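Q:
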Amino acid sequence: MEWMHRAACTDTDPELFFPVSTEGPGAVQREEAKRVCAGCPVRAECLEYALESKQNSGVWGGLDERERAALHRGRRSRLRSSGAGHH
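In this text, residue positions in the sequence shown follow the UniProt record's numbering: the first is 1, and each later residue adds one.
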């Protein structure tokens with residue numbers, strides 16, 4: 001995962017990306033983490049890694065766990081409707 005060395009967050013405290021709540025200070029922290037991700041040159045790789053490895057907490061690739069779950073559900077739905085994955 002060579003891309004991790006080019007991530008915008010390499011010099012950022014990892015705790016920023018794992019807020020303990022979704023409200024108040026946690027919401028502020030989540031938005032701050034997303035701002036770091038916004039300018040990241042490897043944002044797409046990070047998001048793909050999080051989806052493939054089923055990361056269920058934190059901000060990865062600019063998306064929080066709820067947003068990644070919705071994206072994952074949408075991908076599965078598109079695959080089913082296109083017939084992909086059926087043998």
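We put the CB at the ideal spot given by N, CA and C, even for glycine. As the structure is a computational prediction, the values presented were derived from the model and not from experiment.
Hey, quick one: how far does the alpha helix (DSSP H) through E48 stretch, first residue to last?
A: Run containing E48: R43 to E52, per the alpha helix (DSSP H) assignment.
Q: Quick check: what's the CA-CA separation for G39 versus A33?
A: Taking the straight line joining both Cα atoms gives about 11 angstroms.
Q: When burial is assigned at 16 or more other CB atoms within 10 Å of the CB, is A50 buried or exposed?
A: With 16 or more other Cβ atoms within 10 Å, it is buried.
Q: What residue does the alpha helix (DSSP H) around C37 start on, and which one ends it?
A: Segment P25 to A38, the alpha helix (DSSP H) holding C37.
Q: Evaluate A7 with the Cβ neighbour count: other Cβ atoms within 10 Å of its Cβ, from every protein chain shown; 16 or more gives buried, anything less gives exposed.
A: Classification for A7: buried.
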